[in-house]
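Each remark here refers to the structure printed beneath this line.
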Amino acid sequence: MKEFKDKVGFITGGASGLGFGLAKVFTEAGSKIVIADIRQDHIDEAMEYFKGTDASVHAIKLDITDRKAFARAADEVEEVFGCPPELLFNNAGVNTFGPVEATTYDDWDWVLGVNLYGVINGITTFLPRMIKAGKGGLLYITSSGGGLMGSPGCVAYSAAKAAVINMAESYRMGLQHYGIQVAVCCPGGIKTNIGESAKIRPDHLKNSGYIEDEKVINALNNVYEKVGIDPYELATIVKKAVENDKFYILPPGMGRELVEMRNKELLDSIVDAPPMTPEEMEKMAEGWSYMKDVGGIKEDLDWVKPAPPRPMGPPNIKDKK
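Mind the numbering: the sequence shown is residues -9 to 311 in the working numbering, read in order.
See below:
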């Protein structure tokens, strides 16, 4: 995607951190932006910033774990701008830190509810509308370097971020014939307020195994301030990557050494075996071909359009000959 002028964008977590950076960068490129955020104080601050610009920005207070609220937000976008978004930025996230063995059900439910199901809710709400509009577009997800490797200090966060990377890979393969580009960003750290996540943790999910007091919040804010990338700088990197049709976006701070270390461990773990013969590859491809009869679509899903034949399983192994 090269042109962003007059395109409507929807950004979760759009009033602070990377979301606010994305709002700045894409309004500067001429996009009409909807900022969706759970914190009204952050929304007010963001909208105050845009008062001094000629940007077209609309704000919606939104809890991304609330599917009914998401549906109302989608209706509001169309009422304000006359169409669904063409740029969908699934960016909002929370985190909490503590030993893996101290993680409670509430820790899992809260972190996955926002970081995984919040993304699911955004995509499932908007994607049918985007497809029906027929304009193509961008489906973007903010993951994390934590999604590329586990962490004993934030297991729920890393698990959720790994899941959305996998989701993005699946949507990338499945949405090509709609002209919808997919991108996933895996930063190592951002100068943002994610360290204050505990302040918006809902009361019914506060039974954490971790300490989440002001001392911890201040320490996290100091860490992100020292090691994180500037949100506007990262948003600029995201825009450039989208322009160049990049799928994975690994900005500075997500060290090459860490990625190489993980990939080397995966490669070294492959069971040593002789290369498959052409006959064996043909047999495997034939087996997966039966998947063409799986995954039928109900008639009432009127936005789903026939796609060119593609495997429901792994990429066609015959292409690797």
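Heads up, the beta-carbon is just placed ideally off N, CA and C, and yes, glycines get one too.
Under the three-state DSSP convention, the category residue i falls into
{"i": "A146", "result": "helix"}
{"i": "T2", "result": "strand"}
{"i": "N85", "result": "coil"}
{"i": "K189", "result": "helix"}
{"i": "G285", "result": "coil"}
{"i": "A123", "result": "helix"}
{"i": "T94", "result": "coil"}
{"i": "K311", "result": "Because the pLDDT of K311 is 43, which lies under 50, any placement of that residue in the model is unreliable, and the number read from its coordinates should be weighed accordingly. Coil, per DSSP."}
{"i": "K51", "result": "strand"}
{"i": "L117", "result": "helix"}
{"i": "L240", "result": "coil"}
{"i": "L256", "result": "helix"}
{"i": "Y130", "result": "strand"}
{"i": "G140", "result": "coil"}
{"i": "L106", "result": "coil"}
{"i": "N197", "result": "coil"}
{"i": "D262", "result": "coil"}
{"i": "V294", "result": "coil"}
{"i": "D99", "result": "helix"}
Range of the contiguous alpha helix (DSSP H) that encloses residue i
{"i": "G11", "result": "7 to 18"}
{"i": "A36", "result": "30 to 41"}
{"i": "I331", "result": "Within the shown structure, residues of the chain are numbered from -9 to 311, placing residue 331 beyond reach of any answer."}
{"i": "A225", "result": "221 to 233"}
{"i": "S279", "result": "268 to 279"}
{"i": "K58", "result": "57 to 71"}
Span separating the alpha-carbon of residue i from that of residue j
{"i": "T43", "j": "G20", "result": "12 angstroms"}
{"i": "S160", "j": "S141", "result": "24 angstroms"}
{"i": "I54", "j": "A123", "result": "23 angstroms"}
{"i": "K216", "j": "G136", "result": "18 angstroms"}
{"i": "N105", "j": "A275", "result": "35 angstroms"}
{"i": "I50", "j": "M163", "result": "31 angstroms"}
{"i": "V84", "j": "L102", "result": "9 angstroms"}
{"i": "I307", "j": "G4", "result": "For I307, the predicted structure reports a pLDDT of 47, less than 50, and the residue's modelled location is therefore unreliable. The matter cannot be settled from this model."}
{"i": "M271", "j": "V284", "result": "21 angstroms"}
{"i": "P118", "j": "P264", "result": "45 angstroms"}
{"i": "A63", "j": "I180", "result": "27 angstroms"}
{"i": "L128", "j": "D34", "result": "27 angstroms"}
{"i": "K196", "j": "D203", "result": "12 angstroms"}
{"i": "F10", "j": "Y238", "result": "21 angstroms"}
{"i": "G277", "j": "W100", "result": "40 angstroms"}
{"i": "A225", "j": "Y130", "result": "12 angstroms"}
{"i": "E91", "j": "L138", "result": "21 angstroms"}
{"i": "P296", "j": "G126", "result": "15 angstroms"}
{"i": "M120", "j": "Y222", "result": "27 angstroms"}
{"i": "N253", "j": "Y147", "result": "21 angstroms"}
{"i": "G112", "j": "T2", "result": "8 angstroms"}
{"i": "F79", "j": "T17", "result": "14 angstroms"}
Span of the beta strand (DSSP E), counted from its first residue to its last, around residue i
{"i": "L78", "result": "77 to 80"}
{"i": "K216", "result": "Per DSSP, K216 belongs to no beta strand (DSSP E); it is in the alpha helix (DSSP H), 204 to 217."}
{"i": "K(-5)", "result": "No beta strand (DSSP E) contains K(-5), which DSSP labels as neither H nor E."}
Neighbour-count burial assignment, residue i, 16 or more Cβ in a 10 Å radius
{"i": "I201", "result": "exposed"}
{"i": "L8", "result": "buried"}
{"i": "D97", "result": "buried"}
{"i": "M251", "result": "exposed"}
{"i": "K273", "result": "exposed"}
{"i": "E186", "result": "buried"}
{"i": "K310", "result": "In this prediction, K310 scores a pLDDT of 48, lower than 50, which makes its location untrustworthy; the coordinate-derived value is nonetheless stated afterwards. So K310 counts as exposed."}
{"i": "Q30", "result": "exposed"}
{"i": "Y168", "result": "buried"}
{"i": "I170", "result": "buried"}
{"i": "L77", "result": "buried"}
{"i": "Y280", "result": "exposed"}
{"i": "Y95", "result": "exposed"}
{"i": "N156", "result": "exposed"}
{"i": "P177", "result": "buried"}
{"i": "H194", "result": "exposed"}
{"i": "V232", "result": "buried"}
{"i": "N81", "result": "buried"}
{"i": "S259", "result": "exposed"}
{"i": "V(-2)", "result": "buried"}
Cutoff 8 angstroms: residue i Cβ touching any chain C Cβ
{"i": "V67", "result": "Among the protein chains of the structure shown there is no chain C, as only one such chain exists."}
Subject >> Segments assigned beta strand (DSSP E), at least 3 residues, entirely inside the region 148 to 189 >> reply: 170 to 175
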